[in-house]
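In what follows, a single structure is set out as structure tokens and then discussed.
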Ligand SMILES: [Zn+2]
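In this note's numbering, the protein residues as written are 880 to 1388.
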């Protein structure tokens, strides 16, 4: 639903064009924006067929600017008189278009009065879509950061500009839970998912901007986390398992006799899908076989394919979330804390161990590092302005050549027990980066550096709370908070929505 010139346009509406000279109409299916400003309507051209009695709806969809629309054609449509048309052909109406005309959109809700009855059959709540990004991470309630570990959840709104989204004020704390045997951030998921299910299906809230109640729908767009946490969220065994990738079934074996050709590591592999995750979750022991999984001669069960942890199955109940696609590759953990860290460790601890001169050169180079700070961000912005598709191609080429070089090193390395770089899950995950760039935009949008900074605030707050406690074994019930303050109507008191964590349980109130 989108409002233009005071007119609400809905999915399923037949609408008139601004230049009223033509008899053509348009059947609205969906809306999208480009360049953050221009609003486009996706749908199908509608024509009155010869004789004026029948209606033809074009098979091919078209995208037009919202501003070319004048208003909604309120003439009742008899679906029995509608046909699908493509150049030179007329045939029965395609079922999808039939349901578009007949079934109201699931977010088209009547405005209700106090007794729950529609005020006017033609009056609907305006819809506001607010996609949400979740972030989860470890933090600590102690200064040392070694003890008293907590896991926290926070969220931000995806539709904000990059600058707004990066601001600490716009990151919202959801909850933190002390990590103990049998409890972790994942223990909060069933409760979080319950609330997010209500949000993705629509909730009526008062909007200060609209000065009226609106229907808010908030799909979960993606979850930011480091690599082990992403695997845990996907319910996979990590990271040494044979099929460690949450996005595909690449088989990664760590030691030399199992090294494949370099094209195996740079290429694509059978994708994991949400259907696979659902199939894995369908039996308690992960014993179900996964359709379309890689063929090895034997049918592999979900357990063979490293589906393990069941605590996160609740996430699969969210229509908007697919674990295989909505867990973007995080560049901070995969490149700097992944590949770069492996190579620097290896260089310092093994290659340069017996070569002090070269070690001295390295130290000097590291001191010069400060000069290069900020370079990567500047580079990304320049590249994106130039041509985004070209940028993605360049990233793809860079990932391929990096893996080829690592593979070459694996083949030629003479160090005994060398742990293959080509088989590191973090190296492999980089092959999914180009797809993530296509789906979610530049990697800056889903790097976790800003969230990590926000975690410092949580850490400080936990320390403060703990200091107020006289007992070392403090009560945890004071350490969790609520974020959503919801009210179903303007006159109702707001009530908290996520709930409160009391020790290891979650209370909703
Ligand atoms: Zn993969």
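Quick reminder that beta carbons are idealized off the backbone N, C-alpha and C, glycines included.
Residues in its own chain within less than 6 Å of residue i by CB, not counting five upstream and five downstream?
i	result
residue 1098	1010, 1079, 1199
residue 922	905, 906, 907, 908
residue 970	963
residue 1238	1231
residue 935	926, 928, 962, 964
residue 1063	1030
residue 1084	1095
Rounded to the nearest angstrom, what separates residue i and residue j at their Cα positions?
i	j	result
residue 918	residue 1108	37 Å
residue 1093	residue 1035	20 Å
residue 1054	residue 1033	7 Å
residue 826	residue 928	Since the first residue shown for the chain is 880 and the last is 1388, residue 826 is missing from the structure and cannot be characterised.
residue 1321	residue 1131	27 Å
residue 1158	residue 1110	17 Å
residue 1203	residue 1190	17 Å
residue 1290	residue 1296	13 Å
residue 957	residue 1004	26 Å
residue 1323	residue 1313	13 Å
residue 1214	residue 1309	8 Å
residue 1104	residue 1292	33 Å
residue 1328	residue 1049	14 Å
residue 1241	residue 1276	27 Å
residue 891	residue 1074	28 Å
residue 1359	residue 1288	Reliability of the predicted coordinates at residue 1359 is poor, the pLDDT of 41 falling under 50, and no value is obtained from them.
residue 1366	residue 1015	Legend: pLDDT at residue 1366 = 47, less than 50; position of this residue unreliable, no value from coordinates given.
residue 912	residue 980	23 Å
residue 898	residue 984	27 Å
residue 931	residue 1274	55 Å
residue 1382	residue 1112	Any reading at residue 1382 is ruled out, since the residue's pLDDT is 38, under 50, leaving its predicted position unreliable.
residue 1235	residue 1246	17 Å
residue 1096	residue 950	25 Å
residue 883	residue 1007	14 Å
residue 955	residue 1091	29 Å
residue 1115	residue 1193	14 Å
residue 1045	residue 1166	42 Å
residue 1160	residue 1068	15 Å
residue 1195	residue 1201	7 Å
residue 982	residue 893	13 Å
residue 939	residue 1272	30 Å
residue 1415	residue 1225	No answer is possible for residue 1415: it lies beyond the span of the chain, which begins at 880 and ends at 1388.
residue 1138	residue 1284	14 Å
residue 1387	residue 947	Note that residue 1387 scores a pLDDT of 41, beneath 50, so its modelled location is shaky and nothing firm can be said.
Going by beta carbon distance, what residues of the same chain come within less than 8 Å of residue i, once the five residues before and after it are set aside?
i	result
residue 881	887, 888, 910, 918, 920, 945
residue 1051	1033, 1034, 1035, 1362
residue 1133	1119, 1298, 1299, 1302
residue 933	927, 960, 961, 962
Apart from the five residues just before and just after residue i, which ones in its own chain have a Cβ nearer than 7 Å to its Cβ?
i	result
residue 924	903, 905, 937, 941
residue 1325	1101, 1103, 1207, 1209, 1319
residue 1311	1126, 1208
residue 1294	1229
residue 1089	1005
residue 1012	1034, 1035, 1037, 1100, 1101, 1103
residue 1197	1072, 1075, 1076, 1079, 1099
residue 1065	1111, 1190, 1191
residue 1043	1049
Using a Cβ-Cβ cut-off of 7 Å, state whether residue i counts as contacting chain D.
i	result
residue 917	Of the protein chains in this structure there is only one, and it is not chain D.
For this session: Could you please go through the chain and list the residues whose beta-carbon is closer than 5 Å to any non-hydrogen atom of ligand 1?
Result: 1124, 1126, 1127, 1129
Exercise. Touch check for the stretch 1304 to 1322 and the stretch 1268 to 1276: three-plus C-beta pairs under 8 Å?
Worked result: yes
Exercise. Are at least three pairs of beta-carbons, each pair with one atom in the stretch 1213 to 1221 and one in the stretch 1295 to 1314, less than 8 Å apart?
Worked result: yes
Problem set entry | At least three beta-carbon pairs within less than 8 Å, the stretch 1143 to 1152 to the stretch 1278 to 1288 | yes
For this session: Answer yes if the stretch 975 to 982 comes into contact with the stretch 996 to 1015, meaning at least three C-beta pairs across the two stretches below 8 Å, and no otherwise.
Result: no
Exercise. Looking at C-beta atoms only, is the number of pairs between the stretch 984 to 991 and the stretch 958 to 969 that lie closer than 8 Å three or more?
Worked result: no
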